[in-house]
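In the numbering used here, the protein residues as written are 150 to 273. Glycine included, C-beta positions come from ideal geometry on N, C-alpha and C. Below: the structure, in structure tokens.
Structural data, given as structure tokens:
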């Protein structure tokens, strides 16, 4: 797992360019350096949803190729534990938080509004 996280960090830095949207994996925030890099080089928007909303989405759109759970626990239990462990890290990394349980149109409206008023430091 350590090698994966190392490659994840290298990939983040390689693809961070001006005017680029990057959808990271949920574990990107585990490294403090990644959180700092994202905050300093872009506008970070945390799409926040409750455990039940996340589970509903996973169950509504099951995929055979979906990765196995990290812990081997039932999905509902694992999602709750992982979110509890990472919530503060997501908030620490974020410039803005958007309620991702709103309609897709509303989520996009909020994000566009935030980006139009953003003054993040550009990548050098």
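- Taking C-alpha positions only, residue 193 is separated from residue 172 by approximately 10 Å.
- For residue 210, there is no enclosing alpha helix (DSSP H), as DSSP marks it with neither H nor E.
- Under the DSSP assignment, residue 256 falls in the alpha helix (DSSP H) whose first and last residues are 253 to 265.
- Only buried fits residue 178, as 16 or more other CB atoms lie within 10 angstroms of its CB.
- Between residue 175 and residue 235 a beta carbon distance of about 7 Å is seen, short of the 8 Å cut, so the two are scored as contacting.
- A Cβ-Cβ separation of about 5 Å places residue 245 in contact with residue 263 under the 8 Å criterion.
- Residue pairing by DSSP places residue 245 opposite 194 in a beta bridge.
- In the DSSP annotation of this structure, the continuous segment of the alpha helix (DSSP H) that includes residue 160 starts and ends at 151 to 164.
- Here DSSP, grouped into helix, strand and coil, assigns residue 171 to coil.
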